[in-house]
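Student: In full-length UniProt numbering, the protein residues as written are 1 to 361. Built from N, CA and C at the ideal position, the CB exists for glycine as well. Given the structure is predicted, the values throughout are model-derived calculations rather than measurements.
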Amino acid sequence: MPQEVRGVVARAKNEPVSVETIVVPDPGPGEIVVAVQTCGVCHTDLHYREGGINDEFPFLLGHEAAGTVETVGEGVTDVEPGDFVVLNWRAVCGRCRACAKGQPQYCFDTHNAAQPMTLTDGTALTPALGIGAFADKTLVHSGQATKVDPSASPAAVGLLGCGVMAGIGAAINTGGVSRGDSVAVIGCGGVGNAAIAGAVLAGATTVIAVDIDPRKLDWARRFGATHVVDSRQGDPVAAIQELTGGNGADVVIDAVGRPETWKQAFYARDLAGTVVLVGVPTPDMKVELPLIDVFSRGGALKSSWYGDCLPSRDFPLLVDLYRQGRLDLDGFVTETVTLDDVEAAFAKMHHGDVLRSVVAL
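1. What span of residues does the beta strand (DSSP E) with Phe-346 cover, start to end?
2. Could you pull out every residue in the same chain whose Cβ sits closer than 6 Å to the Cβ of Pro-316, ignoring the five residues on either side in sequence?
3. Residue range of the beta strand (DSSP E) that Leu-46 falls in?
4. By how many angstroms is the C-alpha of Thr-21 removed from the C-alpha of Gly-203?
5. Taking just the CA atoms, how far does Gly-190 sit from Ile-196?
6. Going along the chain, which residues of its own chain have a beta-carbon closer than 6 Å to the beta-carbon of Val-14, five neighbours each way excluded?
7. List the whole-angstrom C-beta distance separating Ala-255 from Gly-299, where the pair is believed to meet the contact cut-off of C-beta under 8 Å.
8. Would you call Met-1 buried or exposed, if buried means 16 or more other Cβ atoms sit within 10 Å of its Cβ?
9. Do Phe-332 and Leu-217 have their C-beta atoms closer together than 7 Å?
10. Between the C-alpha atoms of Thr-44 and Ser-303, what's the straight-line distance to the nearest angstrom?
11. In this structure, what does DSSP give as the bridge partners for Pro-127?
12. Under the three-state reduction of DSSP, which class applies to Cys-107: helix, strand or coil?
13. Using a Cβ-Cβ cutoff of less than 7 Å, which residues in the same chain neighbour Gly-73 once the five nearest sequence positions on both sides are dropped?
14. So Thr-261 is in the alpha helix (DSSP H); what residue range does that whole segment cover?
15. If you draw a straight line from the alpha carbon of Gly-132 to that of Ser-153, how long is it in whole angstroms?
16. Considering only their Cβ atoms, is the gap separating Ala-194 from Val-207 smaller than 7 Å?
17. Give a yes or no on whether the C-beta atoms belonging to Val-276 and Gly-175 are separated by under 7 Å.
18. Answer with buried or exposed for Leu-289, where buried requires no fewer than 16 other C-beta atoms within 10 angstroms of its C-beta.
19. Put Gln-241 into one of helix, strand or coil per three-state DSSP.
20. In chain order, what residues of the same chain lie with their CB nearer than 8 Å to the CB of Val-85, ignoring the 5 residues before and after it?
21. Would you list the residues sitting across from Asp-211 in a DSSP beta bridge?
22. Counting pairs of Cβ atoms below 8 Å between the region 175–186 and the region 243–255, do you hit three or more?
23. Within this structure, are the beta carbons of Val-359 and Cys-39 separated by less than 7 Å?
24. Quick check on the burial criterion: 16 or more other C-beta atoms within 10 angstroms. Buried or exposed for Val-294?
25. On the DSSP letters alone, give me the boundaries of the alpha helix (DSSP H) that Asp-293 sits inside.
26. Name the two residues that bound the continuous alpha helix (DSSP H) containing Val-164.
27. Taking the continuous beta strand (DSSP E) assigned at Phe-315, which residues delimit it?
28. Smallest Cα separation from Arg-215: which of Asp-353, Leu-46, Val-164?
29. If we call anything under 7 Å between Cβ atoms a contact, is Asn-88 one with Pro-311?
30. Let me make sure I understand the geometry here. Which of Glu-4, Val-19, Val-5 has the alpha-carbon closest to that of Glu-343?
31. Measuring straight from C-alpha to C-alpha, what distance separates Ile-212 and Gly-180?
32. Span of the beta strand (DSSP E) holding Cys-99?
33. Starting from Ala-225, follow its DSSP beta bridges and name the residues at the other end.
34. Would you report the Cα separation of Asp-341 and Gly-257, rounded to the nearest angstrom?
35. Are any of the Cβ atoms in chain C nearer than 7 Å to that of Val-72?
36. Taking DSSP's pairing of strands, which residues face Gln-3 in a bridge?
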């Protein structure tokens with residue numbers, strides 16, 4: 001039978017969220033119901049509330065989640081009731097042109113649950129990134145749930161569902177950081193610090209963190225930055241070049257997503273270096289620079305979408321590294337809160353007071 005649970009709903013653009021009763025249907029073919037244990041408070045949820053994604057209100061927010069499979073629908077074989085899973089928004093189809101080329105990390109037809117979750121009056125909810133996990137339970141496609149080691153902390157590993165995976169993947173998957181590389185990361189919030197952690201995992205020997213907030217630079221040191229640059233105090237491009245023998249970094253990751261930070265990344269790389277954009281720009285932002293500078297520098301200019309990850313491959317690996325003490329996922333959890341605290345958590349995130357607030361259910 002359908003279940004009534006509590007969930008965080010954004011009813012209208014820029015209005016405070018509310019905790020409401022939502023209806024979760026029984027899973028249909030290919031679907032599962034997950035009892036949510038934790039869900040991180042991500043900037044993307046705030047973008048939904050502000051109308052920055054689309055206008056398909058009301059939204060059921062939350063997507064960086066871990067929990068336990070409760071029930072499964074017809075045809076589900078990859079997970080079963082009782083499995084501990086991390087949710088993701090890249091449930092690959094296996095049939096599109098990207099999947100057919102052996103590049104499922106770029107799948108163009110990812111799966112979501114076919115049935116809607118609703119308010120008690122029948123109003124259909126749009127789940128954030130097809131997940132909607134600021135709720136006691138949620139309905140997703142089975143491909144959106146990746147089974148991982150149940151001994152891992154849900155608050156920590158649930159963050160792989162979005163921001164932490166985006167940052168680690170930007171360094172390892174998109175940027176191709178390798179042993180001995182120099183890496184600079186501009187913007188040291190949750191995604192930027194995850195990129196720093198990813199660069200360290202990949203064997204980078206010079207890892208430069210750039211930000212205007214001393215607290216964030218302190219966080220960056222914790223995740224393995226070998227050098228920090230307070231860009232309020234001077235030109236970060238010159239600082240990165242000085243720290244890399246005058247050459248610029250092999251890989252520069254823009255975790256802010258503004259024209260000025262992207263141009264800093266462009267000019268702070270080595271002549272054949274790589275720029276990775278993982279920060280999310282707004283639709284009105286534009287970049288202008290001399291085309292001869294693009295031509296004369298070679299290298300690569302890349303965008304990283306969800307860290308170019310493949311959840312079935314990357315989540316279990318990163319959880320294993322976490323359990324071995326080689327990846328400090330606990331360090332990203334600044335505080336745990338309740339569903340009633342999500343609006344306050346948005347304010348803390350907006351002001352840069354936290355790496356991640358995590359809702360515990």
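Tutor: So, from the data block:
1. No beta strand (DSSP E) holds Phe-346; the alpha helix (DSSP H) holding it covers 342–350.
2. Val-148
3. No beta strand (DSSP E) contains Leu-46, which is instead part of the alpha helix (DSSP H) from 43–49.
4. 47 Å
5. 10 Å
6. The identity of residue 14 in the sequence shown is Asn, whereas the question assumes Val. Closer than 6 Å at the Cβ level, and outside the excluded window around Asn-14, lie Glu-50.
7. About 19 Å; that fails the 8 Å criterion.
8. exposed
9. no
10. 17 Å
11. Leu-60
12. coil
13. Pro-27, Gly-28, Pro-29, Gly-30, Glu-31, Ile-32
14. 259–268
15. 20 Å
16. no
17. yes
18. exposed
19. helix
20. Val-34, Ala-66, Gly-67, Thr-68, Val-69, Val-79, Ala-145, Thr-146, Lys-147, Val-148
21. Asp-230
22. yes
23. yes
24. exposed
25. 291–297
26. 163–169
27. Premise fails: Phe-315 lies in the alpha helix (DSSP H), 311–323, not in any beta strand (DSSP E).
28. Asp-353
29. yes
30. Val-19
31. 27 Å
32. That residue, Cys-99, is in no beta strand (DSSP E); its alpha helix (DSSP H) goes 97–100.
33. Looking at the DSSP assignment, Ala-225 forms no beta bridge with any residue, so it has no partner.
34. 28 Å
35. In the displayed structure, chain C is absent; only one protein chain is listed.
36. Val-24
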